[in-house]
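Here the structure is laid out as structure tokens; the discussion comes afterwards.
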Amino acid sequence: MSVTALVGAQWGDEGKGKIIDILAESADMVVRAQGGNNAGHTVVVGDETYKLHLIPSGILYDGTDCIVGNGTVVDPKVILEEIDGLTSRGINVSRLKIDARAHVILPYHIVLDGLSEDARGKGDIGTTKKGIGPCYMDKAERIGIRMCDLIDKNIFEEKLKRNVEIKNNIITKLYGGKPVDLKTILKEYNSYAERLTSFVTDTSVLVYDAIKAGKNVLFEGAQGALLDLDVGTYPYVTSSHPISGGFCVGAGVGPTLIKDCLGIAKAYTTRVGKGPFPTELNDEIGERIRNVGQEFGTTTGRPRRCGWLDAVILRFAVRVNGLTGIALNKLDTLTGLKTLKICTSYEKNGKIIKNFPADIEELKDCKPVYIETEGWTEDIGNVTRFEDLPKAAQKYVKLIEENVDCKVSMIGVGPKRTQNFNR
Ligand code: GDP
Ligand code: IMO
Ligand code: MG
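Here it is in structure tokens:
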């Protein structure tokens with residue numbers, strides 16, 4: 000039996016979907032516990048590409064149970080589109096379960112995500128505008144509508160009526176926006192509820208029972224450590240907890256039940272959305288990484304900001320997640336670069352900073368301190384053993400390990416299931 004958490008170790012889009020898919024082959028259950036359809040997890044199987052937003056990446060295996068846990072926020076329309084999309088491609092989604100406590104994203108959340116971003120002007124966060132933040136706001140305010148409410152017609156009507164009144168006041172009076180229509184939402188969401196009822200249950204029981212029965216359970220993180228609401232680059236973060244502790248809260252399992260934690264990282268760093276990024280490359284190298292690595296958002300299509308690998312960030316991810324290993328993806332993207340740089344610390348006003356700063360005002364002034372190492376030119380897309388990587392690539396991986404205090408246990412050399420090997 001194994002119970003493993005997989006988390007993003009940077010700013011998201013590290014290739015979590017690919018690693019989950021690979022490990023899901025021997026998993027009995029895959030669990031999403033936070034975030035919503037702000038996530039975009041890509042899985043490439045042969046010539047087929049799947050982009051999953053809310054449904055766990057284990058869904059592509061027939062025998063794997065898939066859980067959308069209580070800590071997630073569910074857009075019913077989006078999850079139904081995902082269900083239909085997968086079904087039309089021959090994927091069996093009957094093993095999907097959604098927690099009764101998960102909060103529901105409603106049209107006013109999406110409207111408010113857009114309006115509040117616009118109102119921030121230049122100080123916007125660069126959210127995905129999927130209504131994630133406003134939905135979690137309602138949860139914290141204790142007025143949220145949960146899946147158990149959605150599937151109960153009377154309760155849903157009562158709660159929706161109250162919330163539409165509150166939200167329309169904010170939309171029209173605070174932002175001067177267009178109000179949402181209660182009747183339209185009620186009709187549309189009642190029809191979603193009918194289709195979703197059979198998926199809704201108390202998933203915490205299912206997860207607990209699976210672990211107790213000695214099954215292999217994987218927790219699929221969304222986003223990444225630096226987007227964590229508490230320990231990330233606040234306020235340029237998401238509104239949930241992508242670090243490993245988030246699984247306990249968001250799946251309703253105790254910390255003693257999770258054994259291992261694998262951090263997924265890219266061999267360089269990317270970020271989509273606003274906020275400081277010390278190793279960002281606004282030059283032709285950054286442009287090259289973006290083009291070769293196809294660094295464009297899976298959810299919004301936005302170009303991702305690219306930069307050198309930052310070991311300060313990875314040490315932070317090792318610490319806040321308790322990582323027991325790192326899966327390093329996209330090593331192939333660096334092929335052909337003459338010299339590679341790894342940021343090992345920051346420098347601010349002549350002072351060396353080893354730990355990732357808590358305050359982004361401090362982070363803004365941090366200059367990366369780099370070590371340099373030689374690149375390689377050989378195509379590594381078909382390599383299946385560490386020893387067969389060019390010596391310079393082996394050295395690059397070892398340098399990362401030395402500077403982040405964690406073993407690189409898996410290496411990715413391409414987007415396919417087969418383009419990954421253990422170390
Ligand atoms: P996630 O959100 O962490 O699941 O990552 P995304 O799917 O948003 O972005 C990762 C992108 O990199 C996807 O297009 C993957 O197909 C791709 N990818 C994953 N691993 C590798 C790798 O080792 N090499 C290359 N070239 N692409 C990869
Ligand atoms: P996956 O799971 C990368 C970013 C947004 C924005 C910030 C807040 O695919 O790695 P939100 O809509 O969540 O309120 O936006 O978080 N963000 C992501 N960046 N990958 C993701 O998910 C992300 N989910 C949210 O770009 O900066
Ligand atoms: Mg993604």
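Sequential numbering of the sequence shown, starting at 0, is according to numbering that gives the first Met the number 0. Glycine included, every Cβ here is placed at the ideal spot set by N, Cα and C. Source: prediction; values computed, not measured.
Straight-line Cα distance separating residue 49 from residue 43: To locate residue 43, count along the sequence shown from 1; it is residue 44. To locate residue 49, count along the sequence shown from 1; it is residue 50. Roughly 6 Å separates the two Cα atoms.
Beta-bridge partners of residue 385, as assigned by DSSP: For the purposes of this step, residue 385 is taken as the residue at position 386 of the sequence shown. Under DSSP, no beta-bridge partner is assigned to residue 385.
Simplified DSSP state of residue 203, which is helix, strand or coil: As a working mapping, residue 203 is identified with position 204 in the sequence shown. In this structure, residue 203 counts as helix in the three-state DSSP scheme.
Measuring alpha carbon to alpha carbon, tell me which of 385, 305, 195 and 311 ends up nearest residue 332. Your numbering for residue 332 matches position 333 in the sequence shown. The shortest Cα separation from residue 332 among 385, 305, 195 and 311 belongs to 305.
Can you give me the start and stop residues for the alpha helix (DSSP H) that residue 181 sits inside? By one-based count along the sequence shown, residue 181 stands at place 182. 181 to 195 is the extent of the alpha helix (DSSP H) around residue 181.
Within 7 Å: the Cβ of residue 235 and any heavy atom of ligand 2? Reading the sequence shown from its first residue, position 236 is the one you call residue 235. Checking every heavy atom of ligand 2 against the Cβ of residue 235, one is found closer than 7 Å.
Rounded to whole angstroms, how far is the Cβ of residue 276 from the Cβ of residue 4, which I believe are closer than 8 Å? In the sequence shown, residue 276 corresponds to position 277, counting from 1. In the sequence shown, residue 4 corresponds to position 5, counting from 1. Their Cβ separation, rounded to whole angstroms, is 26 Å, which puts residue 276 and residue 4 out of contact at 8 Å.
Is the beta carbon of residue 8 less than 8 Å from the beta carbon of residue 264? Numbered from 1 along the sequence shown, position 9 holds the residue referred to as residue 8. Numbered from 1 along the sequence shown, position 265 holds the residue referred to as residue 264. Yes; because the gap between Cβ atoms is below 8 Å, this pair is in contact.
So if DSSP puts residue 109 in a beta bridge, which residue, or which two residues, is it bridged to? For this step, residue 109 is matched to residue 110 along the sequence shown. In the DSSP output, where bridge partners are listed per residue, residue 109 has none listed.
Which value, in whole angstroms, describes the spacing of the CA atoms of residue 155 and residue 144? The sequence position of residue 155 within the sequence shown is 156, counting from 1. The sequence position of residue 144 within the sequence shown is 145, counting from 1. Their Cα atoms are separated by approximately 8 Å.
If we ignore side chains and look at the alpha-carbon of each, how far apart do residue 291 and residue 164 end up? Taking the sequence shown and counting its residues from 1, one reaches residue 291 at position 292. Taking the sequence shown and counting its residues from 1, one reaches residue 164 at position 165. The straight-line gap from Cα to Cα measures roughly 49 Å.
Pull up the distance between the alpha-carbon of residue 69 and that of residue 146, whole angstroms please. Start at 1 with the first residue of the sequence shown, and residue 69 comes out as number 70. Start at 1 with the first residue of the sequence shown, and residue 146 comes out as number 147. Going from the Cα of residue 69 to the Cα of residue 146 covers about 9 Å.
Would you mind listing the alpha helix (DSSP H) stretches within the segment 87 to 154 that are 4+ residues and don't spill past its ends, in chain order? 106 to 119, 131 to 140 and 146 to 149
Counting only runs of 3+ residues fully inside the segment 203 to 277, write out the beta strand (DSSP E) ranges in chain order. 216 to 219, 259 to 265 and 268 to 270
Considering only residues of the same chain and omitting the five flanking positions on each side of residue 389, which have a CB-CB separation below 6 Å? Start at 1 with the first residue of the sequence shown, and residue 389 comes out as number 390. Excluding sequence neighbours, residue 389 sits near 375 and 377.
Can you give me the C-alpha to C-alpha distance between residue 489 and residue 349, rounded to a whole angstrom? Because residue 489 is not part of the residues shown, which for the chain are 0 to 422, the question remains open.
Residue nearest to residue 149 in terms of C-alpha spacing, selected from 329, 28, 111 and 194: One-based indexing of the sequence shown puts residue 149 at position 150. Looking at the Cα atoms, 194 is the closest of the given residues.
Backbone CA spacing between residue 357 and residue 300 [nearest angstrom]: Taking the first residue of the sequence shown as 1, we reach residue 357 at position 358. Taking the first residue of the sequence shown as 1, we reach residue 300 at position 301. Cα to Cα, the separation comes out at about 30 Å.
Between the C-alpha atoms of residue 65 and residue 121, what's the straight-line distance to the nearest angstrom? In the sequence shown, counting from the first residue as 1, residue 65 sits at position 66. In the sequence shown, counting from the first residue as 1, residue 121 sits at position 122. Looking at the two C-alpha atoms, the distance is approximately 39 Å.
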